[in-house]
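> Please see the structure below; I have some questions.
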Ligand SMILES: Cc1cc2nc3c(=O)[nH]c(=O)nc-3n(C[C@H](O)[C@H](O)[C@H](O)COP(=O)(O)OP(=O)(O)OC[C@H]3O[C@@H](n4cnc5c(N)ncnc54)[C@H](O)[C@@H]3O)c2cc1C
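Structure, rendered in structure tokens:
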């Protein structure tokens, strides 16, 4: 039976006033009844564009939704697990509105089916009701693979390779597993307990973790493929090098890089090293990282939190939903404004010197260029500034490894196998694409795992 209601079943959510004061997850997920009601809105169309065009890992969306309609939640989970190793994460943070839901036929007239919320429901239901039957007896095939970086790309590659019988070791430079999932995406969008639960499943598959071990400092690619005895290497090192604006005052005590700020609020919420309390926080940037930073800044108890962005709202790269959430939580938006200096006294931030801008010609990416308006210099009062102006690849490391890369330091790979210019070394995720999405990083990790298996099975 199809539910022809045009409106989707809303996921319960804390109101904005409550959200502002807490890092706990703002959306609470579907009940079983809500999930069945929403699943029944699927039209069961023939083409399945949600899956074929919309999902980078081709989750079998119609099949898992069918199972929900019949109340077979565990079967729905097993269908999802065939193509994604992080359904509870992807159900929460994938840009569904651009991917599966953006291609849903239901969306042509009315709301698309809430596929992300259904994926989340299935993964949460499984976590709450079932124990994973991990096959502890996976027969090892005697071959060893090193994975560098414990983000979604590395975790996905490691999970698949371990299931195929490889002896997999993940080397991670920090002391946490999960990459951006652990230290970047805030708790109120992605609870760390959810990430840990997905990681535990990998640990159950006997993947070895070497934390605090950095490629380029503690060992090299030559070491890995030489005396350390690995048959293949996968690089999932992300794009974690933060860019700065290169303006005076960025070195002041209360001026932070967004990733350092998010790292502190994500990983040290219950420690004495908590982020200090500021009165007026200005976040520079207009992307999704800026949205996570401003919404986190609100939750640190600041009286006023502002986004300062040099273009207008139309050009903001952040998702509309995130902008709306930030606004509802009280963030102010200052558009067409370009910071020129972080001002300070005695090493402490006192404000942000800015110029007003107007929009000019399109740049090479088709964005209208902001042009300074002379004589519009002014100061925005702030005692803390957070720079969220983009991240890039670790070009020095890539060069040190002797791998081919583009001028931005993104590693060049074969698009099918993910193999780099060095035989036996594969790469995927943000290190190859530049900052993108969890699901695309995971997809690359899985493609590389297949290619590594094919190569090592030939040898
Ligand atoms: C604040 C923020 C919010 C985001 N929100 C979303 C979202 O809502 N939805 C979404 O889909 N995407 C989101 N993204 C993007 C997404 O998180 C990334 O695309 C994804 O994490 C990339 O995965 P990855 O495995 O390639 O890299 P990462 O997650 O960056 O992981 C790379 C790992 O490699 C490690 N590493 C790096 N260099 C070395 C080395 N030399 N030796 C050993 N280890 C090393 C790093 O410490 C890290 O753990 C967000 C990103 C940020 C920064």
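In this note's numbering, the protein residues as written are -1 to 457.
Here a beta-carbon is modelled for each residue, glycine too, at the ideal position from N, C-alpha and C.
Just so we're clear, the structure is a prediction, and the values are computed from it rather than from any experiment.
Between residue 296 and residue 261, what straight-line distance do the alpha-carbon atoms span, to the nearest angstrom?
Counting from 1 along the chain shown, the entry for residue 296 is found at position 298. Counting from 1 along the chain shown, the entry for residue 261 is found at position 263. The straight-line gap from Cα to Cα measures roughly 16 Å.
> Do you know how far the Cα of residue 352 is from the Cα of residue 482?
Because the chain is modelled from -1 through 457, residue 482 falls outside the range shown and cannot be assessed.
> What are the start and end residues of each continuous beta strand (DSSP E) run of 3 or more residues lying completely inside the segment 387 to 455, in chain order?
Here the runs fully enclosed are 423 to 425.
> What first and last residue would you give for the beta strand (DSSP E) that runs through residue 376?
By one-based count along the chain shown, residue 376 stands at place 378. Unbroken beta strand (DSSP E) run through residue 376: 376 to 379.
> Would you call the CB atoms of residue 426 and residue 407 closer than 8 Å?
One-based indexing of the chain shown puts residue 426 at position 428. One-based indexing of the chain shown puts residue 407 at position 409. No; because the gap between Cβ atoms is not below 8 Å, this pair is not in contact.
> Is it the case that the Cβ atoms of residue 377 and residue 349 are separated by a distance below 8 Å?
Taking the chain shown and counting its residues from 1, the one referred to as residue 377 is at position 379. Taking the chain shown and counting its residues from 1, the one referred to as residue 349 is at position 351. Contact: yes.
> Whose C-alpha, out of 80, 115 and 304, is nearest the C-alpha of residue 379?
In the chain shown, the residue the question calls residue 379 occupies position 381. Residue 379 has its Cα closest to that of 304, out of 80, 115 and 304.
> Count the other CB atoms within 10 Å of the CB of residue 387; is the residue buried (16 or more) or exposed (fewer)?
Within the chain shown, the letter at position 389 stands for residue 387. It is buried - the Cβ of residue 387 has at least 16 other Cβ atoms within 10 Å.
> Pairing CB atoms from the segment 35 to 52 with CB atoms from the segment 405 to 425, are three or more of them under 8 Å?
With a cut-off of 8 Å, the segment 405 to 425 and the segment 35 to 52 do not count as touching, because too few Cβ pairs lie within range.
> Work out the CA separation of residue 435 and residue 96 for me, nearest whole Å.
The residue you call residue 96 lines up with position 98 of the chain shown. The residue you call residue 435 lines up with position 437 of the chain shown. For residue 96 and residue 435, the distance between alpha carbons rounds to 12 Å.
> Pick helix, strand or coil for residue 457, following the three-state DSSP scheme.
Taking the chain shown and counting its residues from 1, the one referred to as residue 457 is at position 459. In this structure, residue 457 counts as coil in the three-state DSSP scheme.
> Ligand 1 heavy atoms versus the CB of residue 439: any closer than 7 Å?
Counted from its first residue, the chain shown places residue 439 at position 441. Yes, Cβ of residue 439 sits closer than 7 Å to a heavy atom of ligand 1.
> Under three-state DSSP, which class holds residue 142?
Taking the first residue of the chain shown as 1, we reach residue 142 at position 144. Strand.
> Decide if the segment 107 to 127 is in contact with the segment 78 to 93; the criterion is three or more beta carbon pairs, one per stretch, under 8 Å apart.
Cβ pair count under 8 Å is three or more, so yes.
> Can you pull the DSSP bridge partners for residue 25?
The sequence position of residue 25 within the chain shown is 27, counting from 1. 11.
> With a threshold of 7 Å, establish whether the CB of residue 434 neighbours any heavy atom of ligand 1.
Sequence index remark: in the chain shown, residue 434 carries index 436 (1-based). Within the cutoff, so yes.
> Regarding residue 151 and ligand 1, is the C-beta to nearest heavy atom distance less than 7 Å?
Taking the chain shown and counting its residues from 1, one reaches residue 151 at position 153. It does: the Cβ of residue 151 is within 7 Å (strictly closer) of some heavy atom of ligand 1.
> Determine whether the beta carbon atoms of residue 328 and residue 309 lie at a separation below 8 Å.
If you number the chain shown from 1, residue 328 lands on position 330. If you number the chain shown from 1, residue 309 lands on position 311. Not in contact: residue 328 and residue 309 (Cβ atoms no closer than 8 Å).
> For residue 220, count neighbouring Cβ atoms within 10 angstroms of its own Cβ and tell me buried if that reaches 16, exposed if not.
Residue numbering aside, residue 220 sits at position 222 when the chain shown is read from its first letter. Exposed, by the Cβ-count rule.
> Hey, quick one: how far does the beta strand (DSSP E) through residue 206 stretch, first residue to last?
Counted from its first residue, the chain shown places residue 206 at position 208. Looking at the DSSP string, the run of the beta strand (DSSP E) that includes residue 206 is 206 to 209.
> By DSSP, does residue 304 sit in helix, in strand, or in coil?
Start at 1 with the first residue of the chain shown, and residue 304 comes out as number 306. If DSSP states are grouped into helix, strand and coil, residue 304 belongs with the strands.
> For residue 99, which option in 117, 201 and 367 has the closest C-alpha, if you only look at C-alpha atoms?
On the chain shown, position 101 is the one that residue 99 refers to. Selected option, being the one with the closest Cα: 117.
> Put residue 260 into one of helix, strand or coil per three-state DSSP.
In the chain shown, counting from the first residue as 1, residue 260 sits at position 262. The answer is helix: DSSP assigns residue 260 an H, G or I state.
> Under DSSP, the alpha helix (DSSP H) around residue 161 begins and ends at which residues?
For this step, residue 161 is matched to residue 163 along the chain shown. That run of the alpha helix (DSSP H) goes 150 to 161.
> What are the boundary residues of the alpha helix (DSSP H) that includes residue 356?
The residue labelled residue 356 in the question sits at position 358 within the chain shown. Element bounds for residue 356: not the alpha helix (DSSP H) but the beta strand (DSSP E), 346 to 360.
> Based on Cα-Cα distance, which residue from 176, 215, 181 and 182 lies nearest to residue 207?
Position 209 of the chain shown, counting from 1, holds the residue named residue 207. When each option's Cα is compared against that of residue 207, the closest is 176.
> Inspect the CB distances between the segment 17 to 35 and the segment 178 to 194 and report whether three or more fall short of 8 Å.
Segments in contact, yes.
> Bridge partners for residue 280 per DSSP, in chain order?
Position 282 of the chain shown, counting from 1, holds the residue named residue 280. DSSP lists 304 and 383 as partners of residue 280.
> Who are the near neighbours of residue 289 in its chain, counting only those whose CB is closer than 6 Å to its CB and skipping five residues on each side?
Here residue 289 corresponds to residue number 291 of the chain shown, with the count starting at 1. Contacts found: 316, 320 and 324.
> Would a C-beta distance cut-off of 8 Å place residue 161 and residue 125 closer than the cut-off?
Taking the first residue of the chain shown as position 1, residue 161 is located at position 163. Taking the first residue of the chain shown as position 1, residue 125 is located at position 127. No, the pair does not count as a contact, with Cβ atoms beyond the cut-off.
> Could you check whether the Cβ of residue 169 sits closer than 7 Å to any heavy atom belonging to ligand 3?
Ligands in the displayed structure: ligand 1; ligand 3 is not one of them.
> DSSP beta-bridge partners for residue 165?
Position 167 of the chain shown, counting from 1, holds the residue named residue 165. Beta-bridge pairing links residue 165 to 142.
> Which stretch, first to last residue, makes up the beta strand (DSSP E) that contains residue 342?
Counting from 1 along the chain shown, the entry for residue 342 is found at position 344. Unbroken beta strand (DSSP E) run through residue 342: 335 to 343.
> Roughly how many whole angstroms lie between the Cα atoms of residue 370 and residue 364?
Locating residue 370 in the chain shown gives position 372, where the first residue counts as 1. Locating residue 364 in the chain shown gives position 366, where the first residue counts as 1. One C-alpha to the other measures close to 19 Å.
> Return yes when the C-beta of residue 409 is under 7 Å from any heavy atom of ligand 1, and no when it is not.
To locate residue 409, count along the chain shown from 1; it is residue 411. For ligand 1, not one heavy atom lies less than 7 Å from the Cβ of residue 409.
> Mind checking residue 241: buried by the 16 CB within 10 Å criterion, or exposed?
Counted from its first residue, the chain shown places residue 241 at position 243. Exposed.
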